[in-house]
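Trainee:
In this note's numbering, the protein residues as written are 2 to 324.
1) Are residue 143 and residue 217 closer than 8 Å when you measure CB to CB?
2) Rounding to the nearest angstrom, what Cα-Cα distance links residue 291 and residue 270 in this structure?
3) Using the C-alpha atoms, what's the distance from residue 167 back to residue 16?
4) Among 285, 210 and 177, which residue has its Cα nearest to the Cα of residue 41?
5) With a threshold of 16 other CB atoms inside 10 Å of the CB of residue 99, please say whether the residue is buried or exposed.
6) Give me whichever residues DSSP pairs with residue 92 in a beta bridge.
7) How many Å lie between residue 69 and residue 131 at the Cα?
8) Tell me whether residue 185 sits in a helix, a strand or coil according to DSSP, three-state version.
9) Can you pull the DSSP bridge partners for residue 105?
10) Using DSSP with H/G/I as helix, E/B as strand and the rest coil, what is residue 64?
11) Would residue 134 be called buried (16 or more neighbouring beta carbons within 10 Å of its own) or exposed?
12) Starting from the C-beta of residue 61, find all residues in its chain whose C-beta is less than 7 Å away, skip the five residues before and the five after it, and write them out in chain order.
13) Which whole-angstrom value is the C-beta distance of residue 252 and residue 275, which I expect to be below 8 Å?
14) Along the chain, which unbroken stretches of the beta strand (DSSP E) at least 3 residues long are found entirely within the region 139-194?
15) Are there 16 or more other CB atoms within 10 angstroms of the CB of residue 147, so buried, or fewer, so exposed?
16) Report yes if the CB atom of residue 162 is closer than 8 Å to the CB atom of residue 186, and no otherwise.
17) Suppose the cutoff is 8 Å on Cβ atoms and the five residues either side in sequence are ignored; what does the same chain contact list for residue 120 look like?
18) Looking only at DSSP bridge pairs, what is residue 312 linked to?
19) Three-state secondary structure (DSSP) at residue 97?
20) Report buried or exposed for residue 205, applying the criterion of at least 16 other Cβ atoms within 10 angstroms of its Cβ.
21) Go through its chain and collect everything with a Cβ distance to residue 231's Cβ below 6 Å, but skip five positions before and after it.
22) Does DSSP put residue 324 in a helix, a strand or coil?
23) Taking 8 Å as the threshold (C-beta atoms), are residue 265 and residue 39 in contact?
24) How would you write the range of the beta strand (DSSP E) that residue 278 sits in, first residue to last?
25) Please name the residue in 238, 55 and 243 whose C-alpha comes closest to that of residue 294.
26) Quick check on residue 240: does DSSP put it in helix, strand or coil?
27) Taking the DSSP output, what are the residues bridged to residue 304?
28) Please report the straight-line C-alpha distance between residue 176 and residue 190, rounded to a whole angstrom.
29) In the DSSP assignment, what are the bridge partners of residue 201?
30) So, using beta-carbon positions, are residue 288 and residue 314 closer together than 8 Å?
31) Suppose you measure from the CA of residue 171 to the CA of residue 273; what does that come to, to the nearest Å?
32) Rounded to whole angstroms, how far is the Cβ of residue 174 from the Cβ of residue 208, which I believe are closer than 8 Å?
33) What number of angstroms, rounded off, separates the C-alpha of residue 149 from the C-alpha of residue 140?
In structure tokens:
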């Protein structure tokens, strides 16, 4: 997930001191984005800030708004492509420092930074069914909710009870599932300046052994289909239901177009799946962008439709690159 302010001032030493007061122990400078990225691509981020509570996130968003400092907000980077030039603006990361959870009856509540497969295992151990389909999704809960992510044609929005978010001015909002306007790979949060801070899912009782078997089956299927041993950011293109019915999923479209194994620099379309781009050897961001553009153009010429790109590419100023 990503958010950006509209001004152009950058953080200086005074700002970094203020950030350290707002988020004690959560501020780093000159951070290697390639080490953070699931694509293993990216330069250095000038400043990375990781809030450790809702209160810190509220204070941070309010302060950034008052200071008019440009920033990006990220989670597990599972759909992000960083620039080789790094990030010259403040990077707010919602990750392991914001990952508390609780289980009450059939409801599981968790903060935005919790790792999604970990949340699926928590539900499984509690004998709760409904989010098995997320067990292999490499991302954080905040991003999953924002994108209404899922697998096997499911979305996390199906089981959401409520979502807490923080607007750019620091105000906190709590929405019911209906108010989140979930649809296929979409939610209200994609059209607001809000950042998902936590969510509660309402699940059903189930047998731990049955839930475990289902999850093991899903993980085995992912190992067979996806290039899990090479750095990648998952699906490059969204599987639009209308296009799926006419032409099949994006992976099949790319396979039919002959893109499996096609390379650009250090990046290549995976041999095992046409909707994945892998970092084969020291790939650059431009290698990936060139491949995506070529794939999108070829698909448009074949189908007459534009595939929606799931990948979010950022330049060094935190602005989205049009793909």
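Glycine included, each C-beta is placed from N, C-alpha and C at the ideal position.
As the structure is a prediction and not an experimental result, all values here were calculated from the model.
Mentor: In this structure, then:
1) no
2) 11 Å
3) 21 Å
4) 285
5) buried
6) 49 and 73
7) 41 Å
8) coil
9) 108
10) helix
11) buried
12) 23, 24, 50, 52 and 93
13) 4 Å
14) 161-167 and 173-177
15) buried
16) no
17) 102, 109, 111, 132, 135 and 142
18) In the DSSP output, where bridge partners are listed per residue, residue 312 has none listed.
19) coil
20) exposed
21) 279
22) coil
23) no
24) 277-280
25) 238
26) coil
27) DSSP, once it has assigned bridges, lists no residue as partnering residue 304.
28) 11 Å
29) 110 and 163
30) no
31) 44 Å
32) Not confirmed; about 37 Å, so no contact.
33) 12 Å
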